[in-house]
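The letter at position 195 of the sequence shown is residue 194 when you use our numbering, and the numbering goes up by one with no holes.
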Amino acid sequence: MTAESEDINNRTTFIDLLNKYSRLDQIKHFTVRTEEIELASVGDGNLNDVIRVKNASKSVILKSAPPYIKCLGPEYPLDPCRGQTEYEALRIFSDLAPGCVPQPYFYDKESKTMCMDDLTTYTDFRKQLIDGVCSLEAVKKLARGIGKVHNQSHLAKVGEQSFSQLKQKFPDTELVSLTEQYIFTKPFDKSDSNNRLSEDISSSLPQLYDNPRVLEAADVMKNIFLTKKECLLHGDLHTGSVMVDGGNSKMIDLEFAYMGPPAFDIGVLLANYIFSYYGHMSIPEDNDRHRKFAQKMIEACKLTVSSYLKEMTSSVGTLQQYQDNLLSEMAGFAGCELIRRVVGAAPVADLHSAFSRQDALGAGTRLLLGKDNIQSVDKLTVIALMLTH
0 MTAESEDINN RTTFIDLLNK YSRLDQIKHF TVRTEEIELA SVGDGNLNDV IRVKNASKSV
60 ILKSAPPYIK CLGPEYPLDP CRGQTEYEAL RIFSDLAPGC VPQPYFYDKE SKTMCMDDLT
120 TYTDFRKQLI DGVCSLEAVK KLARGIGKVH NQSHLAKVGE QSFSQLKQKF PDTELVSLTE
180 QYIFTKPFDK SDSNNRLSED ISSSLPQLYD NPRVLEAADV MKNIFLTKKE CLLHGDLHTG
240 SVMVDGGNSK MIDLEFAYMG PPAFDIGVLL ANYIFSYYGH MSIPEDNDRH RKFAQKMIEA
300 CKLTVSSYLK EMTSSVGTLQ QYQDNLLSEM AGFAGCELIR RVVGAAPVAD LHSAFSRQDA
360 LGAGTRLLLG KDNIQSVDKL TVIALMLTH
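Below, the structure is given as C-alpha cells:
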C-alpha cells in the first residue's frame with residue numbers, strides 16, 4: 000500500500016475506527032482536532048497493510064489483514080483473522096516478558112485491524128546488521144525475551160489445562176502451513192518452481208539435492224516442527240522481525256505465532272546471525288572491519304544461546320538431556336532456514352554475493368548432517384562456520 004492508496008485516502012475509515020476506541024488512554028489523543036491527523040504507509044510487509052497514524056503529540060500503528068497475501072494479490076487468499084492471532088500473541092508476550100514487543104492497544108474484529116505502539120526510535124535489525132551495526136546488549140535482551148516467553152508458556156510450567164487453552168487460542172493456521180511448505184518442503188524439492196536455483200550457486204547444489212541424508216534430516220525437522228507442541232512461539236523470528244534502538248530490542252510481526260518446539264525460534268534466529276557472518280566475510284573492501292563484524296556475529300550466536308538458556312529452564316525430563324536435545328534441534332532448524340533462504344522463494348539481503356550464498360548453503364547442509372552430534376553452541380558454530388577449536 001502507498002500513501003496514495005484507496006485506504007489512506009479514505010481518512011474517515013481510520014478516524015471512525017479510532018473514535019470507536021476513544022475510551023483508551025493511548026487513543027483519545029486522536030479524537031480531537033482530527034484534521035491534524037497524518038496517515039502514512041510504513042514498512043514493506045508481505046502479508047499486511049501497515050499505517051502510521053500521527054498527530055502533533057503521538058503516533059500509533061494500525062495493521063490490517065486483507066483476505067489474501069498482500070505481496071501476491073487477491074488470487075492468493077489468506078485468512079484475515081491472522082491479525083487477531085498477532086494481537087493475542089502480543090498481549091501474552093507483553094505479559095510474560097514485559098517490553099519485548101510493542102504494546103498492543105486494541106483489535107477490531109469487524110475491520111480486521113490491530114492498533115499498537117509505534118516504535119518511532121527503532122530501526123530494522125537486519126538493516127543494521129547489513130550496515131555493520133550490532134549491540135550485543137540488544138542481542139541479549141532479544142534472547143532473554145523469547146526465553147521468558149517460551150519458559151512461561153511451556154507445558155512443563157503451565158500444566159495440561161492451561162496448555163490446552165493456549166493450544167485452542169493458537170492453533171495451527173494457514174501461516175503454519177505456509178512455514179511448513181516454504182521452509183521444510185519446497186526448498187528441498189529440486190523440481191519446485193518457487194526455488195531460485197541460479198547459475199552462480201549451481202556447483203553447490205549437489206551437496207543438497209544429491210545427498211539423501213540431508214533430505215531425510217530436513218524431513219525429520221519438518222516433523223518436529225509440525226508435531227512437537229511445547230510452548231508458544233513467535234513463529235517467524237528472523238532479524239527482519241526485530242526492531243532495535245541502541246541496546247533495546249523488540250519482536251514484531253507475530254502473526255505466525257503458534258504452539259510448537261522452542262528450538263524453532265532460536266534456530267531461525269541463529270541462522271540469521273550466520274547470514275550476517277557470511278555476508279560480511281565476503282566483502283573485499285575494508286576487509287578488516289567486515290571480518291571483525293563477522294566475529295561479532297559468532298559472539299551473537301553464543302550470547303543468544305547462553306542468555307536464552309538462563310531464562311528457558313522448563314524441561315520435559317532432566318534439564319541437561321532436554322537442553323542437549325534443544326541444541327541439536329536448534330542446529331537442525333538453523334540448517335533448514337539457511338538452505339531455504341539460499342534456494343527458496345524468500346532470499347535475504349545479507350547474502351549479497353554468490354560466495355556468501357554458497358557458504359550459507361554449505362553451512363545449512365553441514366548443520367543438518369551434524370545436528371545429532373551438536374549439543375552446544377560452540378559446536379554449532381564450529382560446524383556451521385568451519386571454525387577451528
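Backbone N, C-alpha and C fix where the C-beta goes; we use that ideal spot for every residue, glycine too.
Rounded separation between M242 and N18 - CA only: Taking the straight line from one Cα to the other gives about 29 Å.
Cβ neighbour criterion (16 or more within 10 Å) applied to A362: If you draw a 10 Å sphere on the C-beta of A362, you find 16 or more other C-beta atoms in it, and that means buried.
Assuming F124 contacts S248 (C-beta within less than 8 Å), just tell me the rounded distance between them. About 7 Å; that satisfies the 8 Å criterion.
Could you check the C-alpha separation between P170 and L154 for me, to the nearest Å? So the alpha carbons of these two residues sit roughly 15 Å apart.
Can you give me the Cβ contacts of S313 inside the same chain, cut-off strictly under 6 Å, excluding the 5 residues immediately before and after it? Cβ neighbours of S313 beyond the five flanking positions: N150, H153, A155, K156.
Alpha-carbon to alpha-carbon, T238 and L268: L268 and T238 have their alpha carbons spaced roughly 7 Å apart.
Alpha helix (DSSP H) containing S93: first to last residue? Per DSSP, S93 belongs to the alpha helix (DSSP H) from 81-95.
Taking N45 and K62 to be in contact with their CB atoms under 8 Å, please state how far apart those CB atoms are, rounded to whole angstroms. The C-beta distance from N45 to K62 rounds to 13 Å, too long to fall under 8 Å, and the pair is not in contact.
T122 versus D244: straight-line alpha-carbon distance, rounded: In this structure, the CA atom of T122 is about 7 Å from the CA atom of D244.
Three-state secondary structure assigned by DSSP to N389: Lying outside 0 to 388, the shown extent of the chain, residue 389 is not represented and no answer is given.
For I282, which of helix, strand or coil comes out of DSSP? Judged by DSSP in its simplified three-state form, I282 adopts coil rather than helix or strand.
So which of E173, K57, G72 has the shortest CA-CA distance to T84? Nearest C-alpha to T84: E173.
Could you check the C-alpha separation between V52 and K189 for me, to the nearest Å? If you draw a straight line from the Cα of V52 to the Cα of K189, it comes to about 45 Å.
So what does DSSP say about K62, is it helix, strand or coil? Reduced to three states, the DSSP call for K62 is strand.
Give the DSSP-derived three-state secondary structure of E37 in the structure shown. It is a strand residue.
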